[in-house]
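2 protein chains.
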Amino acid sequence: MAGSGKDHDGRRIAFLGTGLMGAPMARRLIAAGFSLTVWNRDPGKAEPLTAEGAVRAETPGEAVSGADVVITMLTNAEAVGNVLFERGAAEAMAPGATVVDMSSIAPHFAREHAVSLAERGINHVDAPVSGGVVGAQAGTLAIMAGGDEAVIAALADVFAPMGRVTRVGPSGAGQLAKLANQQIVAVTIGAVAEAMMLIAAGGGSPAAFRDAIRGGFAESRILDLHGKRMVERQFAPGGSSTNQLKDLNAAMETAKVLSLTLPLTAAVHAEFSEFVANGNGEKDHSALLLHLEEKNGRRGEDQ
Amino acid sequence: MAGSGKDHDGRRIAFLGTGLMGAPMARRLIAAGFSLTVWNRDPGKAEPLTAEGAVRAETPGEAVSGADVVITMLTNAEAVGNVLFERGAAEAMAPGATVVDMSSIAPHFAREHAVSLAERGINHVDAPVSGGVVGAQAGTLAIMAGGDEAVIAALADVFAPMGRVTRVGPSGAGQLAKLANQQIVAVTIGAVAEAMMLIAAGGGSPAAFRDAIRGGFAESRILDLHGKRMVERQFAPGGSSTNQLKDLNAAMETAKVLSLTLPLTAAVHAEFSEFVANGNGEKDHSALLLHLEEKNGRRGEDQ
């Protein structure tokens, strides 16, 4: 194991999943003085971290052995379940240790993992993030946490190097917040795309329209960033429409479990479903404008 | 007439409609050195401006006589049409003068007015505003202009004391931009309300959720201002749901004229229609959250 952490009560962290997001997050923890053991399914993605002081483990079980905090940053719920319960991580963890799952998965999976781990005396916090690779590198991620209040509070110095943590509620609430965040993003993209469509169809200039309304009640990060992509007709991702649809699928599934009718979420889900089914999954989610144009038999300048 | 304008080539302005918005706009023009003649249907709302140097006229015709620029700031298209074509304003204007209609009316009415005025050799610019009474007082309105480029450019010093002008396109495009702006506002309110609903139904804290996602991709003026109202359950208007519905009705009507399908606009229009039909028109538009709660058989804390 690496040398004991400097200012962190000697706590040791295992970091499982050192991909695009996980690697920069792990780096920031190392830089903050934590002892890190890292594991990745493809070991080539974990190896570079050893140069910065991490110890690379061959298996999830080996990585978590002796760890106080186990952070998972994996592709989906299946991968998280696999690593925790099939590849031996949960089994190798000591009672009293804590799993912090920072992957984005559906809330009910997070609650299932929490229940299974609780049976072994292991704490679980769901703590998905927003902010992308840039936020991971800069340590400015928005971390949405669900789980026991005291457990989350005790992780303050673990979260601090990665970003700003907010406890949103009990187990699963962090994942719920991530979904709700993505749902706002999707609906707001739809709002801006429909406005651009209306302006263009009515003979106005979408670029001038966007300039005119900046800073008013319609102002948003989406109007700023995605509105610009729509005006410039630059639809390379960014965030792909496939990923946006994946989030919306999870939001709709969660709404169904809760017996909720969410009309705008349902409407934008239907549009992204069509858009991706038509082969546009790899376009940026702001390209929903192209879908609207297609639907209305109108073509933008670049088509 | 009042003394000639100081730095404005002696141009004289008639201001028709000195209500909640019009009065502070007229005040800023007077302060900028323009000679102003003012008229209001209820003369009591025009009279106070005479103390600041405006001349009050008894009729629209008297007000516009000798004016180079006629600004209208009236309730709706009917009022604008009435003042211009039935109460004698158009008839009393000199060819080469310009009507700047800053009222919010449907784009097709704006184009009709432009055509009728053009027949008399009078220019027309539609220039509705966003920013409310506060923006009118501070001279920070967003002014969305439609009409001839040279005519709008020649009005630069007239617009300057009132706010920031952007030409969005030809006649009607200013009104179109105002509608599209209001449509983004409505859909974004719906996005935030549905997210709040999802969080609350799933056992999370809407207040903590809002805190967690501030500054990320879901950030907007609506999340800031209207999201706060939802969290605090303060639904006094602000912007009433009746006014929001009025804008959405106009947006839907315009979309229909243009043969456009706008799924999110249609969805939020349906929700506001129901909400207002259920007697909630005087609540702030952020109260769409209450409608969602009602629709889903869930009640918020204050009900």
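For the record, the sequence lines run as chains Y and S. So my numbering is basically just the index in the first sequence, starting at one, shifted up by 883. So my numbering is basically just the index in the second sequence, starting at one, shifted up by 883. Yeah, the Cβ is synthetic: ideal placement off N, Cα and C, and Gly gets one too.
Pick out whichever of the options has its Cα sitting closest to the Cα of residue i.
| i | options | result |
| --- | --- | --- |
| GLY1122/S | ILE1072/S, VAL1140/S, ALA1083/S and SER1103/S | ILE1072/S |
| LEU903/S | GLN1020/S, ASN959/S and LEU1059/S | GLN1020/S |
| ILE988/S | LEU919/S, ARG911/S and LEU1131/S | LEU1131/S |
| GLU995/Y | GLY1022/Y, LEU967/Y, VAL1075/Y and ALA1060/Y | LEU967/Y |
| VAL1070/S | PRO1146/Y, LYS1129/Y and ALA1095/Y | PRO1146/Y |
| ALA1119/S | ALA1170/S, ALA934/S, LEU932/S and SER986/S | ALA1170/S |
| GLU1002/S | GLU974/S, VAL1017/S and GLY927/S | GLU974/S |
| GLU969/S | MET1113/S, ASP1009/S, PRO943/S and ILE954/S | PRO943/S |
| ARG1182/S | ILE913/S, ASN1161/S, ALA1149/S and ARG1116/S | ARG1116/S |
| MET861/Y | GLN1066/S, LEU919/S and THR958/S | Here chain Y comprises residues numbered 884 to 1186, so residue 861/Y is not present and cannot be evaluated. |
| ALA1078/Y | ALA934/Y, LEU1173/Y and ILE954/Y | LEU1173/Y |
| ALA1076/S | HIS1109/S, THR1049/S and GLY1099/S | HIS1109/S |
| GLY949/S | GLY893/S, ALA1091/S, THR958/S and THR933/S | GLY893/S |
| ASP1040/Y | LEU912/Y, ALA929/Y and VAL1151/Y | LEU912/Y |
| VAL982/Y | ARG1097/Y, VAL1151/Y, GLU1157/Y and VAL953/Y | VAL953/Y |
| GLY1011/Y | ARG924/Y, MET908/Y and THR933/Y | In the sequence under discussion, the amino acid at residue 1011/Y is Pro, which differs from the Gly named in the question. Checking every option, the nearest Cα to that of PRO1011/Y belongs to MET908/Y. |
| ALA993/Y | ASN959/Y, GLY1004/Y and LEU919/Y | ASN959/Y |
| LEU1106/S | SER999/Y, VAL1034/Y, VAL1068/Y and ASN965/Y | VAL1068/Y |
| PHE1042/S | ALA1033/S, VAL1034/S and ILE1026/S | ILE1026/S |
| HIS1168/S | THR1125/S, ARG1097/S, VAL963/S and ASP1094/S | THR1125/S |
| GLU961/Y | GLN1127/Y, GLY936/Y, GLU935/Y and HIS991/Y | HIS991/Y |
| ARG1097/Y | LYS1111/Y, GLY1086/Y and ALA1084/Y | LYS1111/Y |
| HIS891/S | HIS1152/S, SER1156/S, LEU1038/S and GLY1004/S | LEU1038/S |
| LEU1128/S | GLY1164/S, PHE1100/S and SER999/S | GLY1164/S |
| MET1113/S | GLY1099/S, PHE1100/S, ALA1074/S and VAL1151/S | ALA1074/S |
| GLY916/Y | ALA937/Y, ALA929/Y and LYS928/Y | ALA937/Y |
So residue i contacts chain Y; which residues on that side make the cut at Cβ distance below 9 Å?
| i | result |
| --- | --- |
| GLN1066/S | ALA1074, GLU1077, ALA1078, LEU1081 and ALA1101 |
| ARG1104/S | GLY1098, GLY1099, PHE1100, ALA1101, GLU1102 and SER1103 |
| GLU1154/S | PRO1146 and LEU1147 |
| VAL1016/S | Going along chain Y, no residue has its Cβ under 9 Å from VAL1016/S, so there is no contact; the nearest lies around 14 Å. |
Report yes if the CB atom of residue i is closer than 8 Å to the CB atom of residue j, and no otherwise.
| i | j | result |
| --- | --- | --- |
| SER1103/Y | GLU1154/S | no |
| VAL921/S | ARG910/S | no |
| ASP951/Y | ALA914/Y | no |
| ASP984/S | ASN1006/S | no |
| THR1023/Y | GLY1046/Y | yes |
| SER1054/S | ALA997/S | yes |
| ALA1091/S | VAL1051/Y | yes |
| VAL1017/Y | MET976/Y | no |
| ALA1060/Y | ILE1035/S | no |
| SER986/Y | MET956/Y | yes |
| ALA1063/Y | THR1049/Y | no |
| ASN1179/S | THR1137/Y | no |
| ALA1133/Y | THR1148/Y | no |
Here's the rule: buried if 16 or more other CB atoms are within 10 angstroms of the residue's CB, otherwise exposed. What is residue i?
| i | result |
| --- | --- |
| PRO1089/S | buried |
| LYS1139/S | exposed |
| ARG895/Y | buried |
| PRO978/Y | exposed |
| GLY900/S | buried |
| PHE898/Y | buried |
| ASP1009/S | buried |
| SER1142/S | exposed |
| GLY1014/Y | buried |
| PRO926/Y | exposed |
| GLU1176/Y | buried |
| ALA1033/Y | exposed |
| ASN923/Y | buried |
| ALA906/Y | buried |
| GLY1087/S | buried |
| GLY1085/Y | buried |
| ALA934/Y | exposed |
Could you tell me which chain S residues have their CB closer than 9 Å to the CB of residue i, listed as they occur along the chain?
| i | result |
| --- | --- |
| PRO1011/Y | The contacting residues do not exist; PRO1011/Y stays about 10 Å from chain S at best. |
| LEU957/Y | Here the premise fails: no neighbours, minimum Cβ distance about 21 Å. |
| GLY1004/Y | Simply none; closest approach about 24 Å. |
| ASN1163/Y | Going along chain S, no residue has its Cβ under 9 Å from ASN1163/Y, so there is no contact; the nearest lies around 16 Å. |
Find the residues of chain S that neighbour residue i, judging by a C-beta separation of less than 7 Å, and give them in chain order.
| i | result |
| --- | --- |
| ARG1050/Y | ALA1091 |
| LYS1178/Y | THR1144 |
| SER1088/Y | VAL1051 and GLY1052 |
How would you list, in chain order, the residues of chain Y whose beta-carbon sits under 8 Å from the beta-carbon of residue i?
| i | result |
| --- | --- |
| MET1027/S | PHE1092, ALA1095 and ILE1096 |
| GLY1145/S | Sequence inspection shows Leu at residue 1145/S; the Gly mentioned does not correspond to that position. The contacting residues are GLU1077, MET1080, LEU1081 and LEU1175. |
For residue i, go through chain S and note every residue whose CB falls closer than 8 Å to its CB, in chain order.
| i | result |
| --- | --- |
| GLY971/Y | By Cβ distance, chain S contributes nothing, its closest Cβ being about 31 Å from GLY971/Y, past 8 Å. |
| VAL953/Y | Correct list: empty, because the minimum Cβ distance to chain S is about 23 Å. |
| VAL1070/Y | VAL1070, THR1071, GLY1073, ALA1074, GLU1077 and LEU1147 |
Contained alpha helix (DSSP H) runs [length at least 4] in the segment 959–1043 of chain S, N- to C-terminal order: Counting only runs of 4 or more, we get 960–964, 972–975, 990–1001, 1015–1021, 1032–1037 and 1039–1042.
message: Give the list of continuous beta strand (DSSP E) stretches no shorter than 3 residues that lie fully inside the segment 1077–1159 of chain S.
response: Scanning the segment 1077–1159 of chain S from its first residue to its last, no whole beta strand (DSSP E) run of 3-plus residues comes out.
- request: Jot down the residue ranges of each uninterrupted beta strand (DSSP E) in the segment 1049–1074 of chain S, minimum 3 residues, whole runs only, in chain order.
  value: With a minimum length of 3 residues, there is no unbroken run of beta strand (DSSP E) contained wholly in the segment 1049–1074 of chain S.
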